[in-house]
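Quick note: the sequence shown, position 33, residue 33 per full-length UniProt numbering, numbers continuous.
Where is the CB? At the ideal position from N, CA and C, for every residue including glycine.
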Amino acid sequence: MDEHTGHEGHADHGYLHNKNKEAYLKRLKRIEGQVRGLQRMVEDEAYCIDILTQVSASTKALQAVALGLLDEHLGHCVAGAVQNGGAEADEKLAEASAAIARLVRS
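Structure below.
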């Protein structure tokens, strides 16, 4: 069992398999910079619409990361489980469905 996620068999994540880890880290660091910029804008009492525009940009950037990770999860983790069949396939499909539902609600 993975001590970080509590899931078994997750040592080979799709985004690692596809060598995209560095790209995800780069995107997340860029988003972190955007959020720090938002903090400065609020501290400096920037115009509300300008802040909201930056919030929207940060949100879209996070959604793009989430969709990329979801796509890779479906293509790697879920597809592999479905090929193997059984309870693991059902579990992975339910897990993916729940993740999609969370993304749609966000």
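Here the segment 74 to 82 does not lie against the segment 32 to 46, with fewer than 3 beta-carbon pairs under 8 Å apart. C-alpha of glutamate 95 to C-alpha of glycine 75: approximately 14 Å in a straight line. For leucine 67 against glutamine 54, the beta-carbon gap comes to about 20 Å, at or over 8 Å, which does not count as contact. A straight-line Cα-Cα distance of about 18 Å links alanine 64 and alanine 98. In this structure, the CA atom of serine 56 is about 16 Å from the CA atom of arginine 27.
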